[in-house]
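See below for the structure under consideration.
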Amino acid sequence: MLVKSDPHSLRKFRVIGSVSNSEEFGQAFKCPVGSKMNPAKKCAVW
1 MLVKSDPHSL
11 RKFRVIGSVS
21 NSEEFGQAFK
31 CPVGSKMNPA
41 KKCAVW
């Protein structure tokens, strides 16, 4: 229900979504490409 009533995204999406789309994060923490924390296809916001 929180998803429908809160204008902000859920905490896990704010954190995981932003760091998992960072090339630097994947390299620094040696996350394999294609993993949850380093997806092969990334979003670019700016």
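Quick note: the sequence shown uses full-length UniProt numbering, first residue 1, plus one each step. Don't be surprised by glycine CBs; every beta carbon is placed ideally from N, CA and C.
Residue environment analysis places G26 among the buried positions, since at least 16 neighbouring C-beta atoms fall within 10 angstroms of its C-beta. Unbroken alpha helix (DSSP H) stretches of 4 residues or longer found wholly inside the UniProt domain "Peptidase M13 C-terminal" (4-45): 11-20, 23-28, given in chain order. By the criterion of a C-beta distance shorter than 8 Å, K36 is surrounded in its chain by I16, S20, once the five residues flanking it on both sides are discounted. If you draw a straight line from the Cα of V33 to the Cα of L10, it is about 24 Å long.
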